[in-house]
Structure formats: structure tokens, C-alpha cells
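Protein chains in written order, with this note's numbering: chain A, 1 to 454; chain B, 455 to 698. Backbone N, C-alpha and C define an ideal beta-carbon position, used for all residues, glycine too.
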Amino acid sequence: MSHRPRHIFAVLTALAALVLIGLGGLVTSKEAGLAVPDWPTSFGYNMFFLPISKWVGGIFYEHTHRLVASGVGLMTTILALWLYGRNSRLLMRWAGLSLFTVGAVAGFIAPKHWSDALVLAAAGLAAFGASFVWPMCEPAPKWLRRLGLAAFFAVILQGVLGGVRVVWLKDQIGIFHAALAQIFFVLLCAIALFTSRRWARLNASQDENRNRATELPPGLGVRSRSIGSALDGWARKLKRQRTGALQDAVALSDSALDSARLLVVGTTLLIFVQLLLGATMRHQHAGLAIPDFPLAYGKLWPAIDVDSVAHYNSQRIETTAVNPITATQIALQMAHRAMAVLISIAVAVCVWTTRRRLGSSHPAGRLALVWLSLLVLQVVLGAATIWSNKAADIATAHVVIGALSLVLGTYVSIFSWARCRLAGEFSTVRKNAGESPGRAGHPALPSPRPVPAS
Amino acid sequence: MTITRTATIISVLCASMGLRSASAADITGTVTYKGTPPAEKEIDKSAGEGCTTHGAKGTTHHYFVGANGEFGNVTIYLEGQAGKNLSTGASAPPVVLDQKDCEYTPVILAVQTGQKLKVKNSDPTTHNVHVQPAEGSGNKGANPIQPANSPDLSLSFDKPEMFVKVACDVHNWMFAWVSVFDHPYFAVSAKDGTFKISNVPAGKYTIVAEHRKAGKATQQIEVKDGGPNKVEFVMPAEAAKSKT
Ligand code: HEM
Ligand SMILES: [Cu+2]
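See below:
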């Protein structure tokens, strides 16, 4: 599971997705979503053959977004195959052969579409050829393969959503496209975490710890259970965690830990809701519904009656083709602001409780600090978005940091849940070493156990 | 029954041939803006290739207000004509929307249902003409591409709708607004704030001046044959109210 190249590739894929989220945000900020009016073609060309001379103005943003999206799609496909290990070779061989045949036949039947045929045939040939030498590693555990598959389907759906939004001229699809982009990024980051050596090491020590306590045979899929517990329903998690804690004979208040964990997960969900609110605001294509901050139209809570809104609109001088604002959009931005306050408080509380309940050297406690700093940055960027009258680069940075805060929330959740059994160990340390367990006083975490390469 | 129908057909025919002069007159008038409109903003066209032959700077055109308050680009129309099937759009000459130096001229237009809107590209670059009617308006959106030197596009609308947005996504500062009426009694005020609605049958009407930002002003008018049928609008509506 800690197969090194695969992990590095997973990290790269996640990074590429983050870049893509930034590019997508730029497309929206520049109001360039429909600068390339067709899909899957681009101005009638196969998208890989659009002459560079045509990449001007808004087309540049939309077209690079599509190109990078194809790259991310390819990387995600490779990652999913890689997680299936050598078992995916057969699939690659046959799928490659079929693609190649389809491409070749298409080239003969419809030579006008030679560029599409060429892309198909080349992709098929590459997959076919690669299948003889790659992948060589063992398959990842089933749950991790599933995650890879989910990422693969997410990227396909994401591409289709993006395309359909162009073809059907429907702005609302942009909201789903933006939401799925976030979920997709979280998936990739989770895969990157679960393929890491560090994760394997944590789980190995956890295994050991558990086995000591419960006399289970080693390697009983505790890893998979712990991740399952991070992603499955809460109820199951709660039950399992409780037994786990009991087995570890931990002198830690169970319910206090539970509520700390629930708070972390709840806050992460709040951030997701906040991202949805943000995407909805952006995809109204109405510019800033409220142009000032921290006040709103000079008041704590702006007037949103018909006359006031008409007056706001009469004073707005838009420089892009944005729609007039509505009372709903003003309310939406106020909700986004209120939510930001709520989330900031919640994350601060999360930092405090995770560190208190799990110890400051626990990964959840340490990541929570990073989480909090990202959140501060995000709030500053939100304010800057308004003060800059929604400058494209700032608004885009706001989208990107938003995605990262969601991932950090997910990481803190995963660590605080998945390492519930280790918590016992931490708290024992805490009892022995006083209030703050130092890294050195911690037996399992820093010891670099040799990990068998898979 | 048949007689009335024939009569209607004849009168509709006459109307569409502009033969109603016997009982129709013109409405003329002016629109004045009271006060100072918000300042227009500068736009930077340097990102667009082929947009800068006359300089990279332009401005927005939300308020067309002259030195003495002459208010151009206001859409004026008779209310209560919708649904009467009076549109002569099919035979009316086309309205032209030009794209020049990556700006639309004019930015406020009005057409009848079925009337042709001819979109020209006078630029050495590609535009897309992204037509965005409101959801549920009954009009269809479209997003054709118009490369340099390509023939004029011909658009038309099926249903009445105020201020349909037309925008170019290649050059995000390009946008114009087209209002669609299903009758011929409308006008857009000229630079000097004047307007003229021709061939209105004698009778009592509500006449409306509407601007995307300054709102609506409404007046009653009785159109008389041969009479000077003059209307003076003062906008924005708030300013007009506080005056009286
Ligand atoms: C790999 C998958 C993709 C990801 C992760 C992704 C991500 C994003 C993100 C984050 C945004 C910004 C949303 C916001 O402003 O909140 C966006 C916008 C956009 N994307 Fe994608 N994208 C992907 C694939 C595609 C594809 C294949 C197309 C093809 C046409 C596409 C077309 C668009 C368009 C048109 C917008 C602008 C939407 C608007 O302005 O309404 N995307 N994308
Ligand atoms: Cu253009």
C-alpha cells in the first residue's frame, strides 16, 4: 500500500486537480465559460488540434481549462489502474486494442475526422503497449481500489457536466460542476494520503497496538477498517470506535472524544455547504451582490426591499455582461458571510478540542492548526475579493483555498476517527508525561518501522 | 362571421402595408435625465487581439446622458399591446447590431417578434454572439461563432421580452441588450433624448419609458389624428417623483 511511485503519482494527480480548480475558477471569474461554444469539439476542431492562434481572449482560459482537464482525466485513469495493480493489465490490453481498432476503422470510414481517429488510435496503442510492462505492483486493498474507481467516475462525470453546460447553455450546471470538482479533489487527496508510507506506518503501529490488546492475528485488515470508518456512516463508526476504545482500555472520556470528532466532521460538512453557497453566488453571473465589507451597503444588514434593490442596480456600473442583482443574491452573500463567521468559530473550537482530546502531537491536532491558518487566509481572501471588486486572480485564489480548507477538514476528520485506537496510547502518554505529550515521549509514531514494499 | 373575418384580414393587411394613415398619428417626445448618473467605468481591451485598432481603452455605456440631461438609449413603448398579434416584424426591415473595435453598437436595441436582427462583425477577430433570454421567456438562447470576414448572422425572437442579453465571451466587456415587442409601437431614444413612435392608431394609451438602470416612467396619452402627440419623460423615476 505504500508503493512509493504510486503514492507520488497520486500526489501529483491531486496537485494537478488543484491547478485545474484554479483554472476553472479563472474561467468563471473571467466570464469566459462559453468562449468556446461547442463541445466535445472546439470550434469544430478536435480539441487537441485547435490552432494556438485561436487561443485569444476568453478562449484562452476556457481552452486551457479543457486541455488541463483532459490531462487530469488521463492521470486519474492511470491512478485508478495503478491501484488495481497488475490485475488491470488484461483490461488495458483489451480496452487498448478496442480503442485502436475503433480509431483505425474510423480513420478509414470517415477520413474527415482523422484527428479524432488519430487520438483514439494513439490512446489505444499506448494503453495496449503499456499493458505489457505496467503496472507491476500488487493491487491495493479493495476499499482503496474503490476510491480510485470513484475518482475515475467522478472525473468522467465532471468532464461531461462541463461539456453539457456549454452545449445546453445552462448556467446552473456550473454549480454542480464546481461542487463535483471539490468532491473529486477531496477523493484524490484521500487517495494520496492512504497510499502514503506515513499512513501505512501509522496503521502498522496501530495494528500492533491493537493486536497486543485484543490478541487478533496480525494484518487483519485493520487499515481498511479504519479508513472505512473514516468514510462510512457515522453510526457504524461510533459503534466500532467504542469497542475499539474499550479494547484499548483507555482512560479517556469516551463521549468527550466522540463529540470532538463529530465536531470536526460537522465543521468539514459546513465548509462543503459554504463552498456550495460560493459556487451558487459565482454562477449567478451577477458580479458582487454586495460591494462593501464588513458592512453591507453601509449597514450591518442591508435593506432588500424592491426599491432598495432597484436603487443598488441603478448605481452599479458593470464592466462585464453580468446580470442585475436580486434580493435573493444579496441574501445569499449575507448567508455566506454569516456562515464564514460560524465556520471560523467552529474550526477554532476544533483546534482546541482535538489538541485537548487527542494531544498536540496527534496528527489530527497538528493538522487542525494548518486548517485554522488556511481558514484565516480564506476569510482574508474573501474580504479582498470584495475590496478588489472581484479581481479575477483574488476570486480564483479564494476558490482554490476553499478547496484546500475542505481537504484539511477531511484530513483532520480522517485522522481523528481512524486513529481512535491510538488515542488510548496518546492518553496513556499524557497521563505519564503530564499535559502535553512530547513527540519523544510517544512510542509508536516517530519510530520509522521498515515498511515492506508491496 | 365571415364578413367580420374578411374585414379583419383586410385591416390587418392594410396595417401591415402601412395604410392606416387615415386614423393614425406619430408620437414624439424627449427623455431627460435629472441629476448626475454614476460615472461610467473604463474598460481595457488590450486582452483582445484585433480590438485595439482605435486604442485599447473604452468605457461602459450604461447611461447615455448629454450635457443638458438628454437621455439616450431609453426604450419607449406602448403598454397593453401585447397579445394583440399586431407584430409586423416579418416584413419590417432588419435591425443591425455591429461589432466594431470589440464593442457593440448600439448597446440598446428593440425589435419586433419575427423581425430580423442582423449581427455584423466589422472586426479582424472572432466573436461569439451569446444570446441569453430569461429562463421561461419562450425565447431560445444561442451562441453562434462569428469569425472575421464571415457573413452577417441573422437572429430573431419569438416572444416579447425586455432586455435580452447579448454578450461575447471572448471579450467579456462586450454586451448589448435587445428588447422584443409583439407590436410595432416602440422606439429607442436617440443621443439627443428624442424619440418617435410612428403610425399609432388614435386612442388612449399608457406609454412607458424604460431603462435598465434608471427604471420605468409611465404616462397616459391620448393620440389624436394630426395633433402634436408629444410626451416628455423625466428619469429616473425617483427624481421625477420628488419633483412633483
Ligand atoms: C477534470 C475535471 C474538471 C475539474 C476538476 C473542473 C473544475 C472546475 C472548477 C473548480 C470550476 C470553477 C467553478 C467555480 O467557479 O466555482 C470550473 C468551471 C468551468 N469548467 Fe471545469 N473542471 C473540469 C473539467 C471541465 C471540462 C472537461 C470542461 C469542458 C467543457 C469544463 C468546463 C468548465 C466551464 C465552462 C466552467 C465555467 C463555468 C461557468 O462559468 O459557468 N470543465 N471547472
Ligand atoms: Cu468579442
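Query                                                                                                                                                                       : Result
Between which two residues does the beta strand (DSSP E) carrying Ala653(B) extend?                                                                                         : Residue identity differs from the one stated: residue 653(B) is Asn in this sequence, not Ala. Asn653(B) -> beta strand (DSSP E) spans Thr648 to Pro655.
Where does Ile227(A) sit, in a helix, a strand or coil, going by DSSP?                                                                                                      : Residue placement at Ile227(A) is poorly supported in this model, since its pLDDT is 41, which falls under 50; the coordinates still yield a value, given next. The answer is helix: DSSP assigns Ile227(A) an H, G or I state.
Taking the alpha-carbon positions, what's the Ser576(B) to Asp555(B) distance?                                                                                              : 8 Å
Quick check: what's the CA-CA separation for Ala346(A) versus Val264(A)?                                                                                                    : 8 Å
Is His625(B) a contact residue of ligand 2, with contact defined as CB to any heavy atom under 6 Å?                                                                         : yes
Hey, is His581(B) close to ligand 2, as in C-beta under 6 Å from one of its heavy atoms?                                                                                    : yes
Does DSSP put Gly526(B) in a helix, in a strand, or in coil?                                                                                                                : strand
Look up Asp555(B) in the DSSP assignment and say whether it is helix, strand or coil.                                                                                       : coil
Please identify, using Cβ separations under 7 Å, the residues of the stretch 505-520 of chain B that lie next to chain A, in order along the chain.                         : Thr514 and His516
So Ala310(A) packs on Ser416(A), CB below 8 Å; how close in whole Å?                                                                                                        : The pair is not a contact, with the Cβ atoms about 50 Å apart (cut-off 8 Å).
Express the C-alpha separation of Lys645(B) and Val565(B) in angstroms, rounding to a whole number.                                                                         : 19 Å
What residues in the stretch 308-327 of chain A bring their beta carbon closer than 9 Å to a beta carbon of chain B?                                                        : Ala310, His311, Asn313, Ser314, Gln315, Arg316, Ile317, Glu318, Thr319, Thr320, Ala321, Val322, Asn323 and Pro324
With a threshold of 8 Å on Cβ separation, who are the neighbours of Gly534(B) within its own chain once the five nearest residues in sequence on each side are excluded?    : Tyr659 and Thr660
Report the CB separation of Leu83(A) from Arg145(A) in whole angstroms; it is logged as a contact under 8 Å.                                                                : 5 Å
Answer with buried or exposed for Thr243(A), where buried requires no fewer than 16 other C-beta atoms within 10 angstroms of its C-beta.                                   : For Thr243(A), the pLDDT reaches just 49, beneath the cut-off of 50, and the residue's location in the model is therefore unreliable, leaving the point undetermined.
Per DSSP, what kind of secondary structure is Val519(B) in: helix, strand or coil?                                                                                          : strand
At a CB-CB cut-off below 7 Å, which residues of chain A make contact with Ile497(B)?                                                                                        : Thr319
Pairing CB atoms from the stretch 153-165 of chain A with CB atoms from the stretch 60-80 of chain A, are three or more of them under 8 Å?                                  : yes
At 7 Å on the CB atoms, spell out the chain B contacts of Ala35(A), in chain order.                                                                                         : Asn582, Asp623 and Val624
Distance, Cα to Cα, Ala621(B) vs Asp679(B)?                                                                                                                                 : 41 Å
How about Cys622(B): is its Cβ closer than 6 Å to a heavy atom in ligand 2?                                                                                                 : yes
Evaluate Gln172(A) with the Cβ neighbour count: other Cβ atoms within 10 Å of its Cβ, from every protein chain shown; 16 or more gives buried, anything less gives exposed. : exposed
So, is Ile52(A) buried or exposed, given that buried needs 16 or more other C-beta atoms within 10 angstroms?                                                               : exposed
Identify each residue in the stretch 592-608 of chain B for which the Cβ-Cβ distance to at least one residue of chain A is less than 9 Å, and report them in chain order.   : Gly595, Ala596, Asn597, Pro598, Ile599 and Pro601
Is it the case that the Cβ atoms of His584(B) and Leu34(A) are separated by a distance below 7 Å?                                                                           : yes
Starting from Gln333(A), trace the alpha helix (DSSP H) both ways and give me its first and last residue.                                                                   : Ala327 to Leu358
Taking Pro141(A) and Asn87(A) to be in contact with their CB atoms under 8 Å, please state how far apart those CB atoms are, rounded to whole angstroms.                    : About 13 Å; that fails the 8 Å criterion.
Looking only at DSSP bridge pairs, what is Tyr45(A) linked to?                                                                                                              : Ser42(A)
Just how far apart, CA to CA, sit Lys112(A) and Ser98(A)?                                                                                                                   : 21 Å
Note down the Cα distance separating Ser643(B) from Thr506(B), rounded to an integer number of angstroms.                                                                   : 29 Å
Quick one: does the C-beta of Met689(B) sit closer than 6 Å to a heavy atom of ligand 2?                                                                                    : no
Say yes only if the C-beta of Met628(B) is nearer than 6 Å to one or more non-hydrogen atoms of ligand 2, and no if none qualify.                                           : yes
How long is the line joining the alpha carbons of Arg357(A) and Leu257(A), rounded to whole angstroms?                                                                      : 6 Å
Touching or not, the stretch 279-291 of chain A and the stretch 177-194 of chain A, by the rule of three or more beta carbon pairs under 8 Å?                               : yes
Any idea what DSSP makes of His285(A), helix, strand or coil?                                                                                                               : coil
Identify whether Phe426(A) lies in helix, strand or coil by the three-state DSSP scheme.                                                                                    : Summary for Phe426(A): the model assigns pLDDT 44, below 50, so the residue's position carries little reliability; its value from the coordinates is reported in the next sentence. In this structure, Phe426(A) counts as helix in the three-state DSSP scheme.
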